[in-house]
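Here is the structure we will look at.
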Amino acid sequence: MTAPGIYKSDTSHAYITFSYDHQGYSRPWLRWRSWAGDLNWNPSDPAKSSISVVIDAASIDSGVDKFDEHLKSADFFDVANHPQITFSSTGVTVDGPASAKVAGDLTIKGVTKPVTLDVKINRAADDDFAKGYKLGFSGRTAVKRSDFGVDKYVPFVGDDVEVVVEAEFVLPKEPAPVQ
2 MTAPGIYKSD TSHAYITFSY DHQGYSRPWL RWRSWAGDLN WNPSDPAKSS ISVVIDAASI
62 DSGVDKFDEH LKSADFFDVA NHPQITFSST GVTVDGPASA KVAGDLTIKG VTKPVTLDVK
122 INRAADDDFA KGYKLGFSGR TAVKRSDFGV DKYVPFVGDD VEVVVEAEFV LPKEPAPVQ
């Protein structure tokens with residue numbers, strides 16, 4: 002069981018990745034290396050939980066430095082003018098014993114659109130190794146990049162983007178008082 006509170010993303014066990022159609026040849030996966038999230042967890046009523054995430058847009062990682070630089074340019078994410086990508090939940094609908102739909106506002110390049118993630122809670126536990134309570138989940142959604150002004154080469158390069166999140170969040174236990 003976990004405790005209610007503000008859980009912080011465990012960045013050593015958290016991934017935000019996305020995939021797109023590259024001219025019909027492949028579906029490469031990219032990720033953002035630097036992001037932070039706060040999960041306001043209510044274990045007795047998960048529908049009252051909320052989450053906010055801030056991604057460092059310049060931390061995009063395709064595995065190819067030259068491509069990363071192009072993705073950071075005004076052609077795509079324009080990180081010089083839009084250094085952050087954000088997600089802020091607006092509602093949680095529990096649809097199973099370990100699943101929910103998390104609705105929220107996704108902002109990319111200054112454009113905010115509603116998005117809903119299908120979320121599976123993988124495990125929630127009092128974790129001795131983490132010295133706190135830990136919650137892990139998997140989430141998926143799909144967006145059209147053109148909706149956010151990231152439309153270079155559409156339709157030559159696919160407009161539909163699959164987003165996959167694998168994340169763990171931790172609420173540290175309060176240290177025992179010194180006696």
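Going by this note's numbering, the sequence shown opens with residue 2, and the numbers climb by one from there. Using N, Cα and C, we set each Cβ at its ideal position, and we do this for glycine too.
Can you name the start and end residues of the alpha helix (DSSP H) that residue i belongs to?
i: residue 71; result: 66-73
My guess is that residue i and residue j are in contact by the Cβ rule of under 8 Å, so how many angstroms apart are they, rounded?
i: residue 39; j: residue 53; result: 5 Å
i: residue 149; j: residue 114; result: 7 Å
i: residue 86; j: residue 56; result: 4 Å
i: residue 164; j: residue 143; result: 7 Å
i: residue 94; j: residue 102; result: 5 Å
i: residue 83; j: residue 110; result: 5 Å
i: residue 12; j: residue 126; result: That pair is no contact at about 19 Å.
i: residue 41; j: residue 51; result: 5 Å
What are the boundary residues of the beta strand (DSSP E) that residue i is part of?
i: residue 140; result: 133-145
i: residue 39; result: 36-42
i: residue 167; result: 161-173
i: residue 6; result: 6-21
Tell me the DSSP bridge mates of residue i?
i: residue 95; result: 101
i: residue 128; result: 133
i: residue 28; result: Beta-bridge pairing links residue 28 to no other residue.
i: residue 88; result: 54, 107
i: residue 121; result: 100, 139
i: residue 1; result: The shown model of the chain, from 2 to 180, leaves out residue 1, and the question about it has no answer.
i: residue 76; result: Its beta-bridge partners do not exist; DSSP assigns none.
i: residue 62; result: 32
Query raised in the report: Should the region 158-174 be called in touch with the region 16-26, which here means at least 3 C-beta pairs below 8 Å?
Result: Short answer: they touch.
Query raised in the report: Does the region 128-148 come close enough to the region 162-173 that 3 or more CB-CB pairs lie under 8 Å?
Result: Yes: the two stretches touch, three or more of their Cβ pairs being nearer than 8 Å.
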